[in-house]
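Below is one structure; the comments refer to it alone.
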Amino acid sequence: MTVVHIVLFKFRPEVTAEHKQTFVTELKTLKNLPCVKNGRLIVGGPSITDPIEKSKGFEIALVSYHENRQALAEYQASDEHHRVTSTYMFPYKEDLVRFDFEVDPEDEELCSFPRIGKLG
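So this is what it looks like as structure tokens:
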């Protein structure tokens, strides 16, 4: 059963746009981990929510797909995930929200993605 992993990131005010872009670039490398289902990991931002206040200051979002809970746990425990978050996020974050859920069986076909070209 596919697990969808969503994270919203909010940085402290003094964090530069350059650092945020480096963080986005580094996050995108995580799509190459074998525990990410078919390389499906998307990073986006800034928010285009209207009105912007509804975004509550969150600036970057990550959505990734994993085959099951075990694959999500492998992703979270991976050396690469630890490197990216401990180097580029935790020392600079103001807040983050994480939300994970299992896809309902009747929606599982929506998560059957073919592997796309070269990742990274």
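Its first residue numbered 1, the sequence shown is counted upward by one per residue in our numbering. Beta carbons: idealized from backbone N, C-alpha and C, even for Gly. Please read all numbers here as calculations on a predicted model, not as lab measurements.
Contact check for residue 37 against residue 61 fails: the beta carbons are separated by 9 Å or more. For residue 36, there is no enclosing alpha helix (DSSP H), since its DSSP letter is neither H nor E.
Around residue 57, the same chain offers 10 as residues with beta carbons nearer than 6 Å, after the five sequence neighbours per side are excluded.
By alpha-carbon distance to residue 43, the top candidate from 27, 67, 85 and 4 is 27.
Beta-bridge annotation (DSSP): residue 101 is paired with 4. Note that the C-beta distance between residue 5 and residue 88 is not below 9 Å.
For residue 9, DSSP records a beta bridge to 60 and 96. Distance from the CA of residue 59 to the CA of residue 74, rounded to the nearest whole angstrom, comes to 26 Å. The three-state reading of DSSP puts residue 43 in strand, counting E and B together. Looking at the backbone, the Cα of residue 101 and that of residue 23 are separated by about 24 Å.
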